[in-house]
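*Asks:*
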Amino acid sequence: MKVSRSSSSSPSRQAGLSLIEVLMAVLLVSIGLLGAAGMHVRAIGFTTDTERRQMASMVASELMETMRGDTLTALDANGAPKVDLGGYAKAAGAELAAVAANDCKPLAAEPAKRLGCWGARAKQLMPELPDALLTSNFIVGLDVGSGVISVTVAWPVKKGQCLDGTDNDFCSYTLRSRL
Numbered sequence: 001m002k003v004s005r006s007s008s009s010s011p012s013r014q015a016g017l018s019l020i021e022v023l024m025a026v027l028l029v030s031i032g033l034l035g036a037a038g039m040h041v042r043a044i045g046f047t048t049d050t051e052r053r054q055m056a057s058m059v060a061s062e063l064m065e066t067m068r069g070d071t072l073t074a075l076d077a078n079g080a081p082k083v084d085l086g087g088y089a090k091a092a093g094a095e096l097a098a099v100a101a102n103d104c105k106p107l108a109a110e111p112a113k114r115l116g117c118w119g120a121r122a123k124q125l126m127p128e129l130p131d132a133l134l135t136s137n138f139i140v141g142l143d144v145g146s147g148v149i150s151v152t153v154a155w156p157v158k159k160g161q162c163l164d165g166t167d168n169d170f171c172s173y174t175l176r177s178r179l
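The UniProt record's numbering puts the first residue of the sequence shown at 1, with every later residue one more than the last.
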């Protein structure tokens with residue numbers, strides 16, 4: 001009796017196919033994991049930006065609340081904000097007053113010292129905040145026409161990584177409100 005062998009079921013023709021299938025599966029899984037790792041890195045960037053925005057919002061709100069607690073200084077007799085906000089106004093490029101720890105606990109009475117304590121609090125919450133950014137991009141102003149006070153706070157980022165689309169090496173947050 002003669003046994004015939006079919007060439008399609010030959011073990012020699014299928015040898016190595018399982019290895020190729022495994023290598024293809026490993027390649028596809030690796031590509032997926034690289035994509036997931038990239039998304040994770042980007043998510044960390046968004047989380048860091050969100051944390052800094054929250055800190056900036058808190059710092060701006062603290063100063064607004066400080067001014068609300070000192071309306072006798074910031075407002076005139078008619079209840080409108082004074083042009084210089086009673087000493088709370090700070091232009092871009094103006095330095096904050098130097099303060100010692102005992103100036104801030106309890107909070108000093110003079111608006112200039114309170115602004116200095118505000119800057120010290122910002123540096124406490126955002127340790128990477130350089131003094132130059134405090135001077136140039138921490139701004140407290142008044143829109144005289146509407147009576148709206150704006151408090152702008154900034155924090156450093158890598159150039160072009162601010163999520164607002166600017167190419168600066170800092171991001172900024174502005175709080176606008178009335179007293």
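By construction, the Cβ of each residue, glycine as well, lies at the ideal position given by its N, Cα and C atoms.
The structure displayed is predicted, hence computed values, not measured ones.
Determine whether the beta carbon atoms of V59 and L142 lie at a separation below 8 Å.
*Replies:* Mapped onto the sequence shown, residue 59 falls at position 59. Mapped onto the sequence shown, residue 142 falls at position 142. In this structure, L142 does not lie closer than 8 Å to V59 by Cβ.
*Asks:* Can you tell me the Cα-Cα spacing of A89 and K105, whole angstroms?
*Replies:* Locating residue 89 in the sequence shown gives position 89, where the first residue counts as 1. Locating residue 105 in the sequence shown gives position 105, where the first residue counts as 1. When rounded, the distance between both Cα atoms is 22 Å.
*Asks:* Grouping DSSP H, G and I as helix and E and B as strand, with all else coil, what is K90?
*Replies:* To locate residue 90, count along the sequence shown from 1; it is residue 90. Strand, per DSSP.
*Asks:* For W118, I'd like the list of residues in its chain whose CB is within less than 6 Å of its CB, leaving aside the five on either flank, ordered along the chain.
*Replies:* Looking up residue 118 in the sequence shown gives position 118. The beta carbon of W118 sits closer than 6 Å to those of L63, all from its chain and outside the five residues before and after it, given in chain order.
*Asks:* So A122 and L107 are in contact, right, with Cβ under 8 Å, and what is the actual spacing, rounded?
*Replies:* Numbered from its first residue, the sequence shown carries residue 122 at position 122. Numbered from its first residue, the sequence shown carries residue 107 at position 107. Not confirmed; about 15 Å, so no contact.
*Asks:* Quick one: any contact between the segment 41-49 and the segment 143-151, if contact means 3 or more CB pairs under 8 Å?
*Replies:* Taking 8 Å as the limit for Cβ pairs, the verdict is that the segment 143-151 does not touch the segment 41-49.
*Asks:* In this structure, how does DSSP classify C171 when only helix, strand and coil are distinguished?
*Replies:* Mapped onto the sequence shown, residue 171 falls at position 171. In the structure shown, C171 sits in a strand (DSSP, three-state: E or B).
*Asks:* Identify the continuous beta strand (DSSP E) that holds V29 and give its terminal residues.
*Replies:* Along the sequence shown, one-based indexing puts residue 29 at 29. For V29, there is no enclosing beta strand (DSSP E); the enclosing alpha helix (DSSP H) has its first and last residue at L17 to R68.
*Asks:* If we count the other Cβ atoms within 10 Å of its Cβ and call it buried at 16 or more, is A154 buried or exposed?
*Replies:* Start at 1 with the first residue of the sequence shown, and residue 154 comes out as number 154. With 16 or more Cβ atoms within 10 Å of its Cβ, A154 is classed as buried.
*Asks:* For F138, count neighbouring Cβ atoms within 10 angstroms of its own Cβ and tell me buried if that reaches 16, exposed if not.
*Replies:* Start at 1 with the first residue of the sequence shown, and residue 138 comes out as number 138. Buried, by the Cβ-count rule.
*Asks:* When the Cα of K159 is compared with those of F170, S150 and A100, which residue comes out closest?
*Replies:* What you label residue 159 is simply residue 159 of the sequence shown in a count that begins at 1. It is F170.
*Asks:* Just tell me which of S136, A36, F46 and A74 has its CA closest to the CA of residue 181.
*Replies:* No information on residue 181 is available, as it lies outside the stretch 1 to 179 that the chain covers here.
*Asks:* Which residues in the same chain as L115 place their Cβ atom closer than 7 Å to its Cβ, once the five residues preceding and following it in sequence are excluded?
*Replies:* For the purposes of this step, residue 115 is identified with residue 115 of the sequence shown, where counting begins at 1. Correct list, in chain order: Y88, K90, L96 and A97.
*Asks:* Excluding sequence positions up to five away, which residues of its chain have a Cβ less than 8 Å from the Cβ of A94?
*Replies:* For the purposes of this step, residue 94 is identified with residue 94 of the sequence shown, where counting begins at 1. For A94, where only same-chain residues beyond five positions count, the Cβ hits under 8 Å are T135.
*Asks:* For A154, list the residues DSSP reports as bridge partners.
*Replies:* Locating residue 154 in the sequence shown gives position 154, counting from the first residue. A154 pairs with S172.
*Asks:* Checking the sheet assignment: what are the DSSP bridge partners for V140?
*Replies:* By one-based count along the sequence shown, residue 140 stands at place 140. Answer is K90 and V151, bridged to V140.
*Asks:* Would you mind sorting D76 into buried or exposed? The rule is 16 or more other CB atoms within 10 Å of its CB.
*Replies:* By 1-based counting over the sequence shown, the position of residue 76 is 76. D76 comes out exposed.
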